[in-house]
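According to full-length UniProt numbering, the sequence shown holds residues 1 to 635 in order. Note that beta-carbon positions come from the ideal geometry of N, C-alpha and C, so glycine has one too.
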Amino acid sequence: MSNIFTPYDPSRGKQYPPVDPYQIARVEIFPPIGFARVGDSGVLPDGTRDDTDPVEYYYAPEVPGLTEPPFGPLESFRDKHQRIKRQAVRFRVYAYDVNGNPLGEINLSQGYEFVWTVHVANKKAAYYESSGMYRPRKTTLRNPDTDPLDGAQLDGSPFDASLEGRRHLIVDPGARTFGPGSPPMELSGTFDGSDSSRKVRVVLGELRSDLLGRLVFLGGSGRARSVRVEASALQQPAIISELDSIDWIDDICDGWVSVHVMHPARPEMAERVTPHCRATVCTAPPKFAWGMHSPTSLYDILENKYKISMGYQEHSGTDFYKDIWPVLMTTYNLSWVNEKVFQGHGPGAFGDFQPLEPLLSSTGPESQAFREHVFGKLREPDFRNKAMSHAQLMPRLSGDDGNALEPGIVPSLVTAGEPIRRFAALTRLQYDRFEAWKNGVFVRGKPLGTPTVLEDYPPDEQPMVLTRAALEQAIGDPLFPGVEAFWIAKLDETWDTVGIPTGLRPPFRVDHDKVRPGFLTRGLSLPWQSNFDLCNTHWWPSTRPDDVIPRKEAIQALRAAGANSDFVTTLSVLPRMKWSRGLRETPQDTSTVFFPGSTDMVAKWNQLGFVARMRPAPNNAPPVWVEQDRTAAGL
1 MSNIFTPYDP
11 SRGKQYPPVD
21 PYQIARVEIF
31 PPIGFARVGD
41 SGVLPDGTRD
51 DTDPVEYYYA
61 PEVPGLTEPP
71 FGPLESFRDK
81 HQRIKRQAVR
91 FRVYAYDVNG
101 NPLGEINLSQ
111 GYEFVWTVHV
121 ANKKAAYYES
131 SGMYRPRKTT
141 LRNPDTDPLD
151 GAQLDGSPFD
161 ASLEGRRHLI
171 VDPGARTFGP
181 GSPPMELSGT
191 FDGSDSSRKV
201 RVVLGELRSD
211 LLGRLVFLGG
221 SGRARSVRVE
231 ASALQQPAII
241 SELDSIDWID
251 DICDGWVSVH
261 VMHPARPEMA
271 ERVTPHCRAT
281 VCTAPPKFAW
291 GMHSPTSLYD
301 ILENKYKISM
311 GYQEHSGTDF
321 YKDIWPVLMT
331 TYNLSWVNEK
341 VFQGHGPGAF
351 GDFQPLEPLL
361 SSTGPESQAF
371 REHVFGKLRE
381 PDFRNKAMSH
391 AQLMPRLSGD
401 DGNALEPGIV
411 PSLVTAGEPI
421 RRFAALTRLQ
431 YDRFEAWKNG
441 VFVRGKPLGT
451 PTVLEDYPPD
461 EQPMVLTRAA
471 LEQAIGDPLF
481 PGVEAFWIAK
491 LDETWDTVGI
501 PTGLRPPFRV
511 DHDKVRPGFL
521 TRGLSLPWQS
531 NFDLCNTHWW
541 PSTRPDDVIP
551 RKEAIQALRA
561 AGANSDFVTT
571 LSVLPRMKWS
581 RGLRETPQDT
591 STVFFPGSTD
601 MVAKWNQLGF
611 VARMRPAPNN
621 APPVWVEQDR
631 TAAGL
């Protein structure tokens, strides 16, 4: 059977205006940070490649604000074998003239060819034991008996390069080059752990190209394993550590992407025209909830950071549909994946903003009281108001210093850290925009996701569109430790704010001289499934759902209610089920060696369901999210 798979591509058939190669002074890669997501499509249960079937995948969203899954109609998140499709990130090349003016995308349709270089690594097992951003820095190592670095001055820094010497614990394929006509290229390395005789091969991802020469990066299969059992073993040992399992390895990775550009009309172009900045790629767990985001995404974190350091922001003033409505709709959307959010913001609840869209988008006096009320519910940024360390304010999510305090817990009795750091908050820029909105100083704008296809935006806007689309998918707050990257992503030193060339908008770029391949993800849980077990309820419901309505139950309820029933009301009152049902629960007061939920998540993560918008749905009906594509095996 053919191993060639062609994903749905909304850009197929689009035309690209010619760009004179002699006008090009430099090129840049977008998105600046791209996220691929793991999936077991194309892989057998023992982790080996299924040579009889291709790896199926879909492209990460390239336009922000879209709520539909990024594949064509009548498709699912699983292939015909019920294995999870992978999310691929596609990197494009944009040209700039000598003055920094954008010239648009360049690709094979205009005669350009690319030689890509990619360097990713997994360095989780070689890192320090997990700790929070505001906790004392740990200097105790994961896998302390392997490559122990005796005599080294360990300081717990997330930029510590001395840990690079722990070679038996690092999976590093090295920098790989991928050019025109190259077949798909696996990025693999070996992991020894404490016993080199049990060395295992780990595939971190795969390089491909689309029909126009753009780089397509696929993540790994998502499998995590211990080297204490045979490589072919289907049953892994029990997880006995919270986030730092010894002799375990997964296939999460990160690193950099660069490119050389060639054109037959300008032979010296590959040497003279290069990106000023390298792009970044990270792999992450599947996004099990589609069409919804965290109130503060990684895009929000970076826009705020570059506003402070460089005076940059996407636009001046406040735009309702870019700045306000996405955050307000987050509360409604998350009500379909979290019972606690449903109580406050679900359909018909006091905090259901969805039917108030016309009112909230108005600058008129009739909306003033509503705007003031909503603003009064926001927790102030930067932990500046310590009296706001309670669950009655928004967002009702945990923070960078641990679990949110439940109602009834007295903040003064919290012994670890400041209570206010246990709660998430909007960034300063987000908060300032909400304050302007509260005061009626904003424009209405137009909803995100219009148009829905990247090429329908002006060429000079496309880098911004790609950037926001990629980064809004990633959790920005809280990062304890995180999903796509750990809290190193919040540190100023991670980001390049000095060497940014003229005209680069947005200027978000990782400083890869300091942040080496593997550094962005090495502080995440090992294996990644432990985090997905333990971090529930107040953490990342936009990626890891908590409480869901199965699609089958929704269809039955609609049939029973009849054609004249209200679509949203009928479904909103259905009882929720745990997304992780069928997996054991890890006790909240667990000992240091009993994590049954994490053990089950390692074995059964690929059987869990995805949450997506209910289709078909009545025209103009508010969005409803239901669980689909859950397998029956083992659950």
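Spatial neighbours of Ile170 in its chain, beta-carbon cut-off 6 angstroms, leaving aside the 5 residues before and after: As a working mapping, residue 170 is identified with position 170 in the sequence shown. Sequence-distant partners of Ile170 (beyond 5 residues in either direction) whose C-beta falls short of 6 angstroms from its own C-beta, in its chain, are Lys123, Ala126.
Assumed close pair Ile475, Leu298 - CB separation to whole angstroms, cut-off 8 angstroms: Here residue 475 corresponds to residue number 475 of the sequence shown, with the count starting at 1. Here residue 298 corresponds to residue number 298 of the sequence shown, with the count starting at 1. Ile475 to Leu298, Cβ: 7 angstroms. Contact.
Unbroken stretches of the beta strand (DSSP E), 3 residues or longer, contained in the region 159 to 222: Runs of the beta strand (DSSP E) inside the region 159 to 222: 176 to 178, 185 to 191, 200 to 209, 215 to 219.
Of the listed residues Trp336, Phe5, Val337, nearest to Arg208 (C-alpha basis): Mapped onto the sequence shown, residue 208 falls at position 208. Per the Cα distances, Phe5.
Contact set for Ala270: own chain, Cβ-Cβ below 6 angstroms, skip 5 residues either direction: Sequence index remark: in the sequence shown, residue 270 carries index 270 (1-based). Excluding sequence neighbours, Ala270 sits near His260, Met262.
DSSP three-state assignment for Met577, whether helix, strand or coil: Numbered from 1 along the sequence shown, position 577 holds the residue referred to as residue 577. Annotated three-state conformation of Met577 is strand, per DSSP.
Length of the line joining the Cα atoms of Arg505 and His168: Mapped onto the sequence shown, residue 505 falls at position 505. Mapped onto the sequence shown, residue 168 falls at position 168. Their backbone Cα atoms lie some 40 angstroms apart in a straight line.
Met133 burial status per 10 Å Cβ neighbour count (16 or more: buried): Taking the sequence shown and counting its residues from 1, the one referred to as residue 133 is at position 133. In this structure Met133 is buried. Its beta-carbon is surrounded by 16 or more other beta-carbon atoms within 10 angstroms.
Ile420 versus Glu186, Glu303, Arg379, residue with shortest Cα-Cα distance: Your numbering for residue 420 matches position 420 in the sequence shown. The candidate whose alpha carbon is nearest that of Ile420 is Arg379.
Status (buried if at least 16 other CB within 10 Å, exposed otherwise) for residue 681: What the structure shows of the chain is the stretch from 1 to 635, and residue 681 is not part of that stretch, so it cannot be assessed.
Assumed close pair Trp528, Asp511 - CB separation to whole angstroms, cut-off 8 angstroms: Along the sequence shown, one-based indexing puts residue 528 at 528. Along the sequence shown, one-based indexing puts residue 511 at 511. About 25 angstroms; that fails the 8 angstroms criterion.
Rounded separation between Pro275 and Glu28 - CA only: Sequence index remark: in the sequence shown, residue 275 carries index 275 (1-based). Sequence index remark: in the sequence shown, residue 28 carries index 28 (1-based). Pro275 and Glu28: Cα-Cα distance of roughly 5 angstroms.
Nearest neighbour of Val568, chosen from Pro623, Thr592, Phe595 [CA to CA]: Start at 1 with the first residue of the sequence shown, and residue 568 comes out as number 568. For Val568, the nearest C-alpha among the options comes from Pro623.
Simplified DSSP state of Ile301, which is helix, strand or coil: Along the sequence shown, one-based indexing puts residue 301 at 301. Ile301: helix per DSSP, three-state reduction.
Distance between Asp401 and Glu339 (C-alpha atoms, nearest Å): Locating residue 339 in the sequence shown gives position 339, where the first residue counts as 1. Locating residue 401 in the sequence shown gives position 401, where the first residue counts as 1. Distance from the CA atom of Glu339 to the CA atom of Asp401, rounded to whole angstroms, is 23 angstroms.
Terminal residues of the alpha helix (DSSP H) in which Ile555 lies: Residue mapping note: residue 555 aligns to position 555 of the sequence shown, counting from 1. DSSP places Ile555 in the uninterrupted alpha helix (DSSP H) bounded by 551 to 561.
Where the beta strand (DSSP E) through Thr331 begins and ends: In the sequence shown, the residue the question calls residue 331 occupies position 331. Taken as a continuous stretch (DSSP letters only), Thr331 belongs to no beta strand (DSSP E), being part of the alpha helix (DSSP H) at 325 to 334.
Under 9 angstroms between C-beta atoms of Pro472 and Pro618: Counting from 1 along the sequence shown, the entry for residue 472 is found at position 472. Counting from 1 along the sequence shown, the entry for residue 618 is found at position 618. The sequence shown places Glu at residue 472, not Pro. In this structure, Pro618 does not lie closer than 9 angstroms to Glu472 by Cβ.
According to DSSP, residues forming a beta bridge with Glu627: Locating residue 627 in the sequence shown gives position 627, counting from the first residue. Paired residue(s): Pro550, Val611.
For Gly597, three-class secondary structure by DSSP: In the sequence shown, counting from the first residue as 1, residue 597 sits at position 597. The three-state reading of DSSP puts Gly597 in helix, counting H, G and I together.
Endpoints, beta strand (DSSP E) assigned at Trp256: Residue numbering aside, residue 256 sits at position 256 when the sequence shown is read from its first letter. Looking at the DSSP string, the run of the beta strand (DSSP E) that includes Trp256 is 254 to 262.
C-beta contact flag for Ala425 and Gly399 at 9 angstroms: Counting from 1 along the sequence shown, the entry for residue 425 is found at position 425. Counting from 1 along the sequence shown, the entry for residue 399 is found at position 399. Contact annotation: Ala425 and Gly399 have beta-carbon atoms nearer than 9 angstroms.
beta-carbon Gly317 near the ligand MN non-hydrogen atom, thresh 8 angstroms: Because no ligand of any kind appears in the structure shown, any question about the ligand MN cannot be addressed here.
Simplified DSSP state of Glu230, which is helix, strand or coil: By one-based count along the sequence shown, residue 230 stands at place 230. Looking at Glu230 - three-state DSSP - the assignment turns out to be coil, as it is neither helix nor strand.
Span separating the alpha-carbon of Pro148 from that of Pro517: Here the question's residue 148 lines up with position 148 in the sequence shown. Here the question's residue 517 lines up with position 517 in the sequence shown. Whole-angstrom Cα-Cα distance: 21 angstroms.
Any 3 or more C-beta pairs closer than 8 angstroms across the region 211 to 228 and the region 560 to 578: The region 211 to 228 vs the region 560 to 578: no contact.
Contact under 9 angstroms by Cβ, Asp254 with Val120: The count along the sequence shown starts at 1 and reaches residue 254 at position 254. The count along the sequence shown starts at 1 and reaches residue 120 at position 120. Yes, these two residues count as a Cβ contact at 9 angstroms.
Inter-stretch contact (C-beta, 8 angstroms, three-pair minimum) for the region 308 to 316 and the region 290 to 297: In the pairwise beta carbon analysis, the region 308 to 316 is classified as not touching the region 290 to 297: fewer than three pairs are separated by under 8 angstroms.
Inter-residue Cα distance where the pair is Tyr96 and Ile33: Numbered from 1 along the sequence shown, position 96 holds the residue referred to as residue 96. Numbered from 1 along the sequence shown, position 33 holds the residue referred to as residue 33. Roughly 19 angstroms separates the two Cα atoms.
Residues of its chain near Arg201, where Cβ-Cβ distance is below 7 angstroms and the 5 sequence neighbours each way are ignored: Position 201 of the sequence shown, counted from the first residue, corresponds to residue 201. Closer than 7 angstroms at the Cβ level, and outside the excluded window around Arg201, lie Ser188, Thr190.
Supposed close pair Glu455, Lys14 - CB separation, criterion 8 angstroms: As a working mapping, residue 455 is identified with position 455 in the sequence shown. As a working mapping, residue 14 is identified with position 14 in the sequence shown. The C-beta distance from Glu455 to Lys14 rounds to 4 angstroms, short enough to fall under 8 angstroms.
Between the CA atoms of Val611 and Arg228 - distance to the nearest angstrom: The residue you call residue 228 lines up with position 228 of the sequence shown. The residue you call residue 611 lines up with position 611 of the sequence shown. Rounded to whole angstroms, the gap between the alpha carbons of Arg228 and Val611 is 35 angstroms.
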